[in-house]
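Visitor: Chains as they are written, first to last, in my numbering: chain L, 20 to 441; chain B, 334 to 616.
From the three backbone atoms N, C-alpha and C, an ideal C-beta is built for every residue, glycine too.
Let me begin by handing over the structure; questions about it come next.
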């Protein structure tokens with residue numbers, strides 16, 4: 020028994036103790052076709068530069084992807100050198116000092132969406148990540164009904180959306196579709212509600228936290244925006260009550276896709292499903308940036324994946340080369356052509372070939388210019404939990420928007436007091 | 334010696350996580366990059382039991398969990414007993430019915446919760462379809478406020494778990510010697526009297542066990558809350574509160590789990606003390 024133990028231990032020490040040759044590793048997950056495509060990107064990079072890259076494949080589940088990255092970084096592991104981060108994790112990982120500043124390696128952030136770089140990819144004045152895939156909330160509308168009721172353009176302001184939505188809702192209901200509703204969005208108590216609420220808040224000039232990270236939840240602008248969200252359901256009745264009881268992304272998409280709604284707030288993914296062959300609304304859907312309280316002042320909640328280099332990487336220079344390659348015009352264009360991804364580089368949105376493949380890109384470009392990220396804090400889930408409950412409660416009409424946001428403000432102050440300093 | 338492997342399994346898979354959870358509850362363990370666990374003694378317990386920031390929400394969820402549990406368990410006991418009595422009679426198709434009645438119990442809870450979510454769906458759900466067919470307003474909402482959400486949850490839970498009660502009671506009914514009923518018939522006792530004097534006392538221990546199991550199970554109800562209401566409008570149960578806390582601070586989540594365990598433990602003690610458990614077994 021003792022001999023076996025001795026053998027096992029010495030073998031363990033031998034394999035872990037021996038010095039290892041550094042290798043460049045890229046940690047990425049996602050749908051099978053995405054991972055497959057990353058393999059091709061790596062192969063092209065290898066033939067071009069002669070630097071070998073190993074792909075560390077992650078699970079398709081977002082939470083698990085975060086966990087595997089955290090485990091590696093907590094243990095100060097030299098691998099992965101490069102990883103793909105959800106926009107929501109960047110602040111949390113950067114605040115632990117785990118990300119390499121990319122500016123030092125001659126990477127230039129100017130071709131990318133400036134707003135996204137400042138709001139999501141900059142930490143302590145240094146930019147530490149670059150957007151590879153950009154996502155944001157948009158307005159889907161029924162182009163056929165817009166024409167039928169004599170409108171030339173989708174709404175630019177929330178008030179226009181209400182007026183158009185009500186007129187079309189009345190008309191369609193009179194025409195026999197009693198299930199028809201004007202405007203659908205995500206109002207159930209879950210993370211999606213935070214994304215929607217942020218869009219209304221930001222388009223009124225508000226936000227959850229200010230530049231310094233202090234909560235400004237019960238600001239005038241936020242109360243006005245939340246009052247409008249409540250009015251959509253209870254005063255104008257352009258949105259059904261099911262918005263606050265059960266509507267999430269898929270609920271909204273299915274209802275709209277069945278032909279029972281005029282406007283829908285959703286993410287870019289819905290486009291592909293709306294335009295599938297078996298979709299009743301195929302060819303009758305248009306997209307537009309979300310309206311604002313003033314024309315041109317709309318906002319869109321930012322989502323998407325960003326590429327970053329680990330502080331513990333043993334091949335930082337080569338890693339930066341890989342980042343440069345992935346965020347180059349050619350690869351960003353290829354990702355858009357092959358996977359339908361919305362690139363982080365603004366110049367790709369003007370490429371004729373890409374636009375021919377995805378005609379919505381010029382509109383998406385307008386959307387992403389006004390993208391706002393959610394607070395990126397390590398204890399964000401605690402803040403989100405409070406906001407979800409209070410905003411949903413206000414939407415149900417049980418408490419006033421002011422009372423809901425006052426209470427949320429008070430609770431978030433306590434959360435920051437408790438978790439703010441490590 | 335033969336018990337050793339079993340003991341090992343128990344220690345590894347039961348004792349280790351249980352003790353680990355209790356241990357964790359004395360720490361502050363943030364899910365933050367670069368943060369290290371900090372020993373804080375009974376702070377977490379103090380927070381949930383007394384601190385105005387945490388205690389009201391905790392006690393609300395205790396209140397809701399207990400209310401939900403007792404309503405559900407009482408309804409299940411009554412319906413379960415009725416079903417068991419029916420299935421204990423001999424009639425054509427009894428075997429089939431006994432199997433069919435188990436289906437809800439065999440479905441994973443999350444799946445049945447999603448199914449009920451479809452039924453309650455306010456745009457194309459079955460309930461809405463029925464209500465509209467009966468001439469109700471089409472904008473009717475099934476999970477729109479506390480009362481309707483509460484009863485919607487209870488219906489989903491009762492549907493799912495009554496078969497468990499039925500099966501246990503059925504086993505209890507079959508263990509009653511038939512002679513007792515014959516004797517009672519000779520003495521001229523009517524059906525109801527037979528039920529009150531023979532059936533009920535003799536299945537009491539089995540009923541108590543079924544109710545203990547169901548109560549413990551119900552106190553930690555999570556899936557249907559998660560799927561149907563996500564704790565909206567005061568339908569937050571203890572395990573859902575624990576889940577929310579786990580995402581931020583492992584220590585707080587563990588504390589809620591330990592407190593949930595203590596509550597189930599106390600309820601079980603009450604059952605054993607007042608459930609005529611020992612007395613009926615002796616007689």
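Reducing DSSP to helix, strand and coil, say where residue 86 (chain L) ends up.
Guide: Taking the first chain and counting its residues from 1, the one referred to as residue 86 (chain L) is at position 67. Note: residue 86 (chain L) maps to helix in three-state DSSP.
Visitor: How is residue 389 (chain B) classed by DSSP in three states: helix, strand or coil?
Guide: Locating residue 389 (chain B) in the second chain gives position 56, counting from the first residue. Reduced to three states, the DSSP call for residue 389 (chain B) is helix.
Visitor: For a contact defined as C-beta to C-beta under 8 Å, what are the partners of residue 477 (chain B) on chain L?
Guide: Residue numbering aside, residue 477 (chain B) sits at position 144 when the second chain is read from its first letter. Residues of chain L passing the Cβ test: 260, 264, 415.
Visitor: How many Å lie between residue 267 (chain L) and residue 208 (chain L) at the Cα?
Guide: Within the first chain, the letter at position 248 stands for residue 267 (chain L). Within the first chain, the letter at position 189 stands for residue 208 (chain L). Rounded to whole angstroms, the gap between the alpha carbons of residue 267 (chain L) and residue 208 (chain L) is 9 Å.
Visitor: Just to confirm the assignment, what range does the beta strand (DSSP E) spanning residue 304 (chain L) have?
Guide: As a first step, residue 304 (chain L) is located in the first chain; it is residue number 285 there, counting from the start. Segment 304-307, the beta strand (DSSP E) holding residue 304 (chain L).
Visitor: Are the beta-carbon atoms belonging to residue 490 (chain B) and residue 570 (chain B) less than 8 Å from one another?
Guide: Stepping through the second chain from its first residue, residue 490 (chain B) is reached at position 157. Stepping through the second chain from its first residue, residue 570 (chain B) is reached at position 237. Contact: no.
Visitor: Just to make sure I have the definition right: I need the residues of chain B whose C-beta is within less than 9 Å of the C-beta of residue 401 (chain L). Which are they?
Guide: Working through the first chain from its first residue, we reach residue 401 (chain L) at position 382. Within chain B, the residues near residue 401 (chain L) are 577, 578, 580, 581, 582.
Visitor: By DSSP's criteria, residue 283 (chain L) is part of a beta bridge. Which residues make up the other side?
Guide: Sequence index remark: in the first chain, residue 283 (chain L) carries index 264 (1-based). BP columns for residue 283 (chain L) point to L:159, L:203.
Visitor: Can you pull out the residues from the segment 329-350 of chain L whose beta carbon lies closer than 9 Å to at least one beta carbon of chain B?
Guide: For the segment 329-350 of chain L, which is checked against every Cβ of chain B, not one residue is closer than 9 Å.
Visitor: Check whether the segment 410-430 of chain L and the segment 384-395 of chain L are in contact - that is, three or more C-beta pairs closer than 8 Å.
Guide: no
Visitor: Please decide whether residue 565 (chain B) counts as near chain L, where near means a Cβ-Cβ distance under 8 Å.
Guide: For the purposes of this step, residue 565 (chain B) is identified with residue 232 of the second chain, where counting begins at 1. Yes, because at least one Cβ of chain L sits closer than 8 Å to the Cβ of residue 565 (chain B).
Visitor: Quick one: what's got a C-beta closer than 8 Å to residue 405 (chain L)'s C-beta in the same chain, skipping five residues either side?
Guide: To locate residue 405 (chain L), count along the first chain from 1; it is residue 386. The residues are 427, 430, 431, 434.
Visitor: Taking a contact to mean a Cβ-Cβ separation below 8 Å, would you say residue 560 (chain B) touches residue 578 (chain B) in this structure?
Guide: Along the second chain, one-based indexing puts residue 560 (chain B) at 227. Along the second chain, one-based indexing puts residue 578 (chain B) at 245. Against a cut-off of 8 Å, the Cβ pair of residue 578 (chain B) and residue 560 (chain B) comes out as no contact.
Visitor: What residue range does the beta strand (DSSP E) around residue 44 (chain L) cover?
Guide: Counting from 1 along the first chain, the entry for residue 44 (chain L) is found at position 25. Where residue 44 (chain L) is concerned, the enclosing beta strand (DSSP E) stretches over 43-47.
Visitor: For the alpha helix (DSSP H) holding residue 327 (chain L), just list the boundary residues, first then last.
Guide: Within the first chain, the letter at position 308 stands for residue 327 (chain L). Residue 327 (chain L) -> not in any alpha helix (DSSP H); beta strand (DSSP E) instead, spanning 319-328.
Visitor: Per DSSP, residue 516 (chain L) forms a beta bridge with which residues?
Guide: As shown, chain L starts at 20 and ends at 441. That puts residue 516 (chain L) outside it, with no answer to give.
Visitor: How would you list, in chain order, the residues of chain L whose beta-carbon sits under 9 Å from the beta-carbon of residue 358 (chain B)?
Guide: Here residue 358 (chain B) corresponds to residue number 25 of the second chain, with the count starting at 1. Ordered by position in chain L, no residue passes the 9 Å Cβ test against residue 358 (chain B), which lies about 17 Å from the chain.
Visitor: Give the list of continuous alpha helix (DSSP H) stretches no shorter than 4 residues that lie fully inside the segment 137-196 of chain L.
Guide: 162-167, 177-193
Visitor: Look at the Cβ atom of residue 238 (chain L), then the Cβ atom of residue 311 (chain L), and state whether they are nearer than 8 Å.
Guide: For the purposes of this step, residue 238 (chain L) is taken as the residue at position 219 of the first chain. For the purposes of this step, residue 311 (chain L) is taken as the residue at position 292 of the first chain. Not a contact, by the Cβ cut-off of 8 Å.
Visitor: Per DSSP, what are the beta-bridge partners of residue 131 (chain L) in this structure?
Guide: As a first step, residue 131 (chain L) is located in the first chain; it is residue number 112 there, counting from the start. According to DSSP, which records beta bridges pairwise, residue 131 (chain L) is partnered with L:364.
Visitor: Please report the straight-line C-alpha distance between residue 37 (chain L) and residue 48 (chain L), rounded to a whole angstrom.
Guide: Position 18 of the first chain, counted from the first residue, corresponds to residue 37 (chain L). Position 29 of the first chain, counted from the first residue, corresponds to residue 48 (chain L). Note that residue 37 (chain L) scores 48 on pLDDT, short of 50, meaning its location in the model is unreliable; the coordinates nonetheless yield the value given after this. Straight across, the Cα-Cα distance linking residue 37 (chain L) with residue 48 (chain L) is about 29 Å.
Visitor: In angstroms with no decimal places, state the Cα-to-Cα distance between residue 338 (chain B) and residue 358 (chain B).
Guide: The residue labelled residue 338 (chain B) in the question sits at position 5 within the second chain. The residue labelled residue 358 (chain B) in the question sits at position 25 within the second chain. Cα to Cα, residue 338 (chain B) sits roughly 29 Å from residue 358 (chain B).
Visitor: So what's residue 361 (chain B) in DSSP terms, helix, strand or just coil?
Guide: Here residue 361 (chain B) refers to the residue found at position 28 of the second chain. Reduced to three states, the DSSP call for residue 361 (chain B) is strand.
Visitor: Near residue 301 (chain L), what residues of its chain come up, given a Cβ to Cβ distance below 6 Å and the 5 sequence neighbours on each side ignored?
Guide: As a first step, residue 301 (chain L) must be located in the first chain, where it is residue number 282. Excluding residues within five positions, the ones whose Cβ falls inside 6 Å are 294.
Visitor: Quick one: is residue 615 (chain B) buried, meaning 16 or more other Cβ sit within 10 Å of its Cβ, or exposed?
Guide: By one-based count along the second chain, residue 615 (chain B) stands at place 282. A caution first: residue 615 (chain B) carries a pLDDT of 48, below 50, which makes its placement in the model too unreliable to give a value.
Visitor: Going along the chain, which residues of its own chain have a beta-carbon closer than 8 Å to the beta-carbon of residue 363 (chain L), five neighbours each way excluded?
Guide: In the first chain, residue 363 (chain L) corresponds to position 344, counting from 1. Leaving aside the five residues that flank residue 363 (chain L) on each side, the residues in its chain whose CB is nearer than 8 Å to its CB run, in chain order, 131, 132, 135, 149, 150, 151, 152, 153, 323, 325, 346, 351.
Visitor: Considering Cα atoms alone, identify which of B:402, B:564, B:532 is closest to residue 596 (chain B).
Guide: Residue 596 (chain B) sits at position 263 when you count from the first residue of the second chain. Ranking B:402, B:564, B:532 by Cα distance to residue 596 (chain B) puts B:402 first.
Visitor: By how many angstroms is the C-alpha of residue 109 (chain L) removed from the C-alpha of residue 102 (chain L)?
Guide: Translated into positions along the first chain, residue 102 (chain L) becomes position 83. Translated into positions along the first chain, residue 109 (chain L) becomes position 90. C-alpha separation (whole angstroms): 11 Å.
Visitor: Please state whether the Cβ-Cβ distance between residue 185 (chain L) and residue 257 (chain L) is less than 8 Å.
Guide: Position 166 of the first chain, counted from the first residue, corresponds to residue 185 (chain L). Position 238 of the first chain, counted from the first residue, corresponds to residue 257 (chain L). Against a cut-off of 8 Å, the Cβ pair of residue 257 (chain L) and residue 185 (chain L) comes out as a contact.
Visitor: Tell me the rounded alpha-carbon separation between residue 96 (chain L) and residue 332 (chain L).
Guide: By 1-based counting over the first chain, the position of residue 96 (chain L) is 77. By 1-based counting over the first chain, the position of residue 332 (chain L) is 313. The C-alpha of residue 96 (chain L) lies about 8 Å from the C-alpha of residue 332 (chain L).
Visitor: By the DSSP assignment, the beta strand (DSSP E) with residue 348 (chain B) in it spans what residues?
Guide: Here residue 348 (chain B) is taken as the residue at index 15 of the second chain, counted from 1. No beta strand (DSSP E) holds residue 348 (chain B); DSSP gives it neither H nor E.
Visitor: So residue 496 (chain B) and residue 438 (chain B) are in contact, right, with Cβ under 8 Å, and what is the actual spacing, rounded?
Guide: The residue given as residue 496 (chain B) occupies position 163 in the second chain. The residue given as residue 438 (chain B) occupies position 105 in the second chain. Right, the Cβ-Cβ distance comes to about 4 Å (below 8 Å), so this counts as a contact.
Visitor: Which first and last residues belong to the beta strand (DSSP E) in which residue 101 (chain L) is found?
Guide: Residue mapping note: residue 101 (chain L) aligns to position 82 of the first chain, counting from 1. From DSSP, the beta strand (DSSP E) with residue 101 (chain L) extends over 101-105.
Visitor: Given residue 593 (chain B), which residues of its chain have a CB within under 7 Å of its CB, disregarding the five upstream and five downstream residues?
Guide: Here residue 593 (chain B) is taken as the residue at index 260 of the second chain, counted from 1. Excluding sequence neighbours, residue 593 (chain B) sits near 552, 553, 571, 572, 575.
Visitor: Just verifying my parser: in three-state terms, what is the DSSP assignment at residue 370 (chain B)?
Guide: Translated into positions along the second chain, residue 370 (chain B) becomes position 37. Residue state, collapsed to three classes: coil.
Visitor: Can you give me the Cβ contacts of residue 382 (chain L) inside the same chain, cut-off strictly under 6 Å, excluding the 5 residues immediately before and after it?
Guide: By one-based count along the first chain, residue 382 (chain L) stands at place 363. Exclusion of the five residues before and after residue 382 (chain L) leaves 306 as the residues of its chain whose Cβ lies within less than 6 Å of its Cβ.
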